[in-house]
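*Asks:*
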Amino acid sequence: MSAAATVDGYLAALPEPARARIAMIRGLLAEWVPDGEERISYAIPCLRRNGRNLLYYGAWTHHVGVYPVAQGDTAFEALVGPWRQGKAGLRFPLKAPLPVEVLKAVVRVRAGL
Numbered sequence: 034m035s036a037a038a039t040v041d042g043y044l045a046a047l048p049e050p051a052r053a054r055i056a057m058i059r060g061l062l063a064e065w066v067p068d069g070e071e072r073i074s075y076a077i078p079c080l081r082r083n084g085r086n087l088l089y090y091g092a093w094t095h096h097v098g099v100y101p102v103a104q105g106d107t108a109f110e111a112l113v114g115p116w117r118q119g120k121a122g123l124r125f126p127l128k129a130p131l132p133v134e135v136l137k138a139v140v141r142v143r144a145g146l
């Protein structure tokens, strides 16, 4: 996949079902962080707010990833644990429903909402 200059370009280059999943994440982020700004950073979509990159999200062959997701308290870790990949990322398989409540918890922590 070639590097896109915009989030729209990134979406247009994706095959299904990755395109639908990234579009869903994009829509949820726009709803939850209406003052956020979209950009491409590290060749994937990024949500920026108040001059700070909050969240990166990208599509891969079998999953979408969300980064960074720092370690949290016990309740937070119980929620995100099944999707944690490495120290700072979450991996959501394309063949499974998107765990919206997990994504929303990450956004709340990252954005201070």
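Quick note on our numbering: the sequence shown kicks off at 34 and runs consecutively. Glycine included, C-beta positions come from ideal geometry on N, C-alpha and C. Values in this document were obtained by computation on a predicted structure and should not be read as measured data.
Would you decide whether TRP93 is buried or exposed? Buried here means 16 or more other CB atoms lie within 10 Å of its CB.
*Replies:* Numbered from its first residue, the sequence shown carries residue 93 at position 60. So TRP93 ends up on the exposed side.
*Asks:* Quick check on ARG143: buried or exposed, where buried means 16 or more other Cβ atoms within 10 Å of its Cβ?
*Replies:* Working through the sequence shown from its first residue, we reach residue 143 at position 110. So ARG143 ends up on the buried side.
*Asks:* Please list the terminal residues of the continuous beta strand (DSSP E) segment that includes ARG91.
*Replies:* In the sequence shown, the residue the question calls residue 91 occupies position 58. In the sequence as displayed, the identity of residue 91 is Gly instead of Arg. Unbroken beta strand (DSSP E) run through GLY91: 85-92.
*Asks:* Out of HIS96, ARG124, ARG72, GLY98, which has the shortest C-alpha to C-alpha gap to ASN86?
*Replies:* The count along the sequence shown starts at 1 and reaches residue 86 at position 53. When only C-alpha atoms are compared, the closest one is ARG72.
*Asks:* Between the stretch 62-70 and the stretch 110-129, can you find at least three pairs of beta-carbon atoms closer than 8 Å?
*Replies:* Flag = no, the stretch 110-129 and the stretch 62-70 do not touch.
*Asks:* Exposed or buried, which one is MET34 when buried takes at least 16 other CB atoms within 10 Å?
*Replies:* Within the sequence shown, the letter at position 1 stands for residue 34. Residue placement at MET34 cannot be trusted, given a pLDDT of 45 that sits under 50; what the coordinates show is reported in the next sentence. Label assigned to MET34: exposed.
*Asks:* Using DSSP with H/G/I as helix, E/B as strand and the rest coil, what is VAL102?
*Replies:* Here residue 102 refers to the residue found at position 69 of the sequence shown. In the structure shown, VAL102 sits in coil (DSSP, three-state: anything other than H, G, I, E or B).
*Asks:* Between which two residues does the beta strand (DSSP E) holding LEU112 run?
*Replies:* Counting from one through the sequence shown, the residue named residue 112 turns up at place 79. Premise fails: LEU112 lies in the alpha helix (DSSP H), 107-113, not in any beta strand (DSSP E).
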